[in-house]
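Written below as structure tokens is the structure these notes are about.
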Amino acid sequence: MSSGFNFAETLDHAARSRGDHPALIHDGTTLSHAEFAALVRRTATVLTEDGIGRGDLVGLGMQDSIEYVALLFALARVGAITLPVDARWHEDEKRRMVEFFAPRLLFSDDPLPGIEGCPVQLADDVWKARVATASEDAPIVHAPDLGMVVSLSSGTTGRPTGPLLTHEQMYARTVSQMASLGFSCYDRFMTATPLYFGGGRAFTLSQIAIGATLILNTPPFKAQELARAVAETETTALFLVPTLLRRLLELPDSELAGFHGLRQLISSGSPLHAHEREAVRARLTPNYYEYYASTEGGGVSVLAPADQRAHPETVGRPAFRVDLQIVDDAHAPVAPGETGHVRYRGPGVAEWFFRDEDAAAKAFHDGYFYPGDLGALDAGGFLTLKGRSKDVIIRGGVNIYPPEIERIASALPAVAECCVFPVPHAAFGEEVGIAVVLRDGADATAVQTSITEECAAKLARYKLPQHFFVMDSFPKNSGGKVIKPKVMEAALKS
4 MSSGFNFAET
14 LDHAARSRGD
24 HPALIHDGTT
34 LSHAEFAALV
44 RRTATVLTED
54 GIGRGDLVGL
64 GMQDSIEYVA
74 LLFALARVGA
84 ITLPVDARWH
94 EDEKRRMVEF
104 FAPRLLFSDD
114 PLPGIEGCPV
124 QLADDVWKAR
134 VATASEDAPI
144 VHAPDLGMVV
154 SLSSGTTGRP
164 TGPLLTHEQM
174 YARTVSQMAS
184 LGFSCYDRFM
194 TATPLYFGGG
204 RAFTLSQIAI
214 GATLILNTPP
224 FKAQELARAV
234 AETETTALFL
244 VPTLLRRLLE
254 LPDSELAGFH
264 GLRQLISSGS
274 PLHAHEREAV
284 RARLTPNYYE
294 YYASTEGGGV
304 SVLAPADQRA
314 HPETVGRPAF
324 RVDLQIVDDA
334 HAPVAPGETG
344 HVRYRGPGVA
354 EWFFRDEDAA
364 AKAFHDGYFY
374 PGDLGALDAG
384 GFLTLKGRSK
394 DVIIRGGVNI
404 YPPEIERIAS
414 ALPAVAECCV
424 FPVPHAAFGE
434 EVGIAVVLRD
444 GADATAVQTS
454 ITEECAAKLA
464 RYKLPQHFFV
474 MDSFPKNSGG
484 KVIKPKVMEA
494 ALKS
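Per our numbering, the sequence shown runs over residues 4 to 497.
Right, here's the structure in full:
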């Protein structure tokens, strides 16, 4: 690839080689690759007329739509940088984001009178009419290290950080997905996560770029509706967050037939437990891929279907061209099997954070990105995650890793979800607390007894939960991850 590559070039190639093939399907509308490429070029013309160009930061705060996807590519084409803004945020949340990142323009479905210092462009009928009558003459911008998207982390605390991805890095992620997950231009790929979420956005971009068909299935929806959509659209590949997979597993087998023909069912956001993966493989499709990834680094490791029985507690081996290491506090690699800090580097990994030098200084060292996860690599290169470094429970000076307790508790039939966290203790510093969401009809006392007995049979006594909490549901971020600090806060107040 020559210096100065623009990711939107992939559309021109897809339009030439697969022009009549469906590119994008959403809400009853289908656009071919030729039609979608033309839409993007017209959208780029309107952006150029409005003075948007190279290096401009533009917020996308719309609901998922064909226009949203077109803007992703059109902004890339004119050299502008996309800033995803969750449409579900309250106006005050959007205002704080605008104040920090200072975008030049913010697209929205609704007026935002509380936003100051940043023009708001409504993605309404007037905008669509301008695009429909625009020319397709806007030139494509080329420049070395051209920024493409501030890929906001779906972190579980505080304001999202903003790693800046270049066009070359986004293309490297597309190539890695093809090599590691086996994507094909003949697939009908459904994404059922918001475009604000890094996984939904990345898969959307890559599928259209390689000439496949992207089916944009906008949440929220019920599990039954998703199951029907997969069958009716003849989906061959599907990306879901674990929360949706768990809801699907609650359906009867008669409603899951549409999943049996999938070539790929990919899950990312947080790993499924081994018993959950087994249920997915048995009831949905054997072609299930666990994809450990981050918005900062893209795909990190893949647990392919053939490896899941032999390595059930892992998240697989490094993805294509990813250099993955486990290191100690001094950044030195540790021996196989030892727990340490996960770090990785590769052509798809961001190299800095947009207007956030403090975050970059904490996250990068020696060219490696540190996601804040703890893990261990075995002799075969399989990665086992041990939790977040900040979530380790230190009881009397001994480290306790929440995932090993959560794996045991989540396997109980009466437990829908569980979350393990530290509880302050005067003598030991911290003890183990566990919050659970019970399935309908479950008895809290019986579940507490079962968790204690199962953990006592499989773990050292100092790891046993000493504090038990029942909650109706867990707060989650846009990526479906449980926001552990909020769970802990709510539990300790109860």
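Note that beta-carbon positions come from the ideal geometry of N, C-alpha and C, so glycine has one too.
- Roughly how many angstroms lie between the CA atoms of Gly-432 and His-93, to the nearest whole one? 38 Å
Residue environment, Gly-117, which counts as buried when at least 16 other CB atoms sit within 10 Å:
exposed
- Message: In the DSSP output, which residue or residues are listed as bridge partners for Thr-246?
- Response: Thr-246 pairs with nothing; no bridge assigned.
- Query: For the putative contact between His-265 and Ala-240, defined by C-beta atoms under 8 Å, what is the C-beta separation to the nearest angstrom?
  - Reply: The sequence given here has Leu at residue 265, not His. Their Cβ separation, rounded to whole angstroms, is 7 Å, which keeps Leu-265 and Ala-240 in contact under 8 Å.
- prompt: If Pro-245 sits next to Ser-270, beta carbons under 8 Å apart, how far is it from one beta carbon to the other, in whole angstroms?
  reply: 6 Å
Which of the three DSSP states is assigned to Gly-158 in this structure?
Per-residue confidence for Gly-158 stands at a pLDDT of 47, beneath the threshold of 50, marking its modelled position as unreliable; the derived number appears in the next sentence. Coil.
Is Arg-464 helix, strand or coil by DSSP?
helix
Discussion item. Between which two residues does the beta strand (DSSP E) holding Thr-238 run?
Written reply: Counting along the chain, no beta strand (DSSP E) covers Thr-238, and no H or E run does either.
So if DSSP puts Cys-422 in a beta bridge, which residue, or which two residues, is it bridged to? DSSP, once it has assigned bridges, lists Ala-438 as partnering Cys-422.
Rounded separation between Leu-208 and Glu-457 - CA only
44 Å
query: Do the CB positions of Ile-213 and Cys-188 come within less than 7 Å of each other?
result: Yes, Cβ-Cβ distance for Ile-213 and Cys-188 is below 7 Å.
- Once you ignore the five residues that flank His-263 on each side, which residues in its own chain have a CB closer than 8 Å to its CB? Leu-287 and Thr-288
- Closest residue to Ala-17 among Ile-84, Ile-408, Ile-211 and Arg-442 (Cα-Cα distance): Ile-211
| said: With three or more beta-carbon pairs closer than 8 Å as the criterion, would you say the segment 48-68 touches the segment 137-151? | reply: yes
Exercise. Cα separation between Thr-196 and Asn-220?
Worked result: Straight-line spacing of the CA atoms in Thr-196 and Asn-220 works out to 8 Å.
Query raised in the report: With distances taken between CB atoms, is the gap from Cys-422 to Val-485 smaller than 7 Å?
Result: yes
Q | Nearest to Pro-255 (by Cα), restricted to the options Ala-285, Thr-238 and Gln-328 | A | Ala-285
Exercise. Inspect the beta-carbon positions of Gly-165 and Leu-109 and report whether they are closer than 7 Å.
Key: In this structure, the beta-carbon distance from Gly-165 to Leu-109 does not fall below 7 Å.
Query raised in the report: With 16 other CB atoms within 10 Å as the buried threshold, where does Val-129 fall?
Result: exposed
Rounded to whole angstroms, what's the CA-CA distance from His-428 to Gly-302? Just pull it up for me. Those two C-alpha atoms are separated by around 38 Å.
Query - Closest Cα partner of Leu-243 within the set Gly-203, Ala-234 and Glu-253 - result: Leu-243 has its Cα closest to that of Gly-203, out of Gly-203, Ala-234 and Glu-253.
- Query: In or out: Glu-52 buried (at least 16 other Cβ within 10 Å) or exposed?
  - Reply: exposed
Report task. Alpha carbon to alpha carbon, how far is Val-283 from Leu-247? Give it in angstroms, no decimals. Result -> 11 Å
*Gly-538: first and last residue of the uninterrupted alpha helix (DSSP H) it sits in*: Look at the range of the chain in this structure, 4 to 497, and you will see that residue 538 is not part of it.
Is the separation between the beta-carbon of Val-318 and that of Leu-252 shorter than 7 Å? no
* Ser-35 (DSSP reduced to helix, strand or coil) -> It is a strand residue.
Next on the checklist: Quick check: the segment 178-186 against the segment 355-365, are at least 3 beta-carbon pairs closer than 8 Å?
Outcome noted: Of all C-beta pairs linking the segment 355-365 to the segment 178-186, fewer than three are shorter than 8 Å, placing the two stretches out of contact.
**Asked** Measuring CB to CB, does Ala-73 end up less than 7 Å from Val-49?
**Response** One thing to note: Ala-73 has its Cβ no nearer than 7 Å to the Cβ of Val-49.
Excluding five sequence neighbours on each side, which residues of the same chain lie with their C-beta closer than 8 Å to the C-beta of Thr-160? Confidence at Thr-160 is low in this model, with a pLDDT of 42, below 50, so its placement is unreliable and no value can be given for it.
Problem - Delimiting residues of the alpha helix (DSSP H) encompassing Ile-411 - result: 405-413
*Grab the span of the beta strand (DSSP E) containing His-29 for me, first residue to last.*
25-29
**Request:** Identify the continuous alpha helix (DSSP H) that holds Gly-319 and give its terminal residues.
**Result:** From DSSP, Gly-319 is part of no alpha helix (DSSP H); its letter is neither H nor E.
My output table needs one value for Leu-60: the three-state DSSP class, helix, strand or coil. Under the three-state reduction of DSSP output, Leu-60 falls in the strand class.
### Query
Do His-36 and Ile-69 come within 7 Å of each other at the CB atom, strictly closer than that value?
no
request  = With DSSP as the reference, please indicate the residues paired to Arg-191 in a beta bridge.
outcome  = Note: Arg-191 is bridge-paired with Thr-216 in the DSSP secondary-structure output.
Roughly how many angstroms separate the alpha carbons of Glu-407 and Ala-79, rounded to a whole number?
Each residue's Cα considered, the two are about 43 Å apart.
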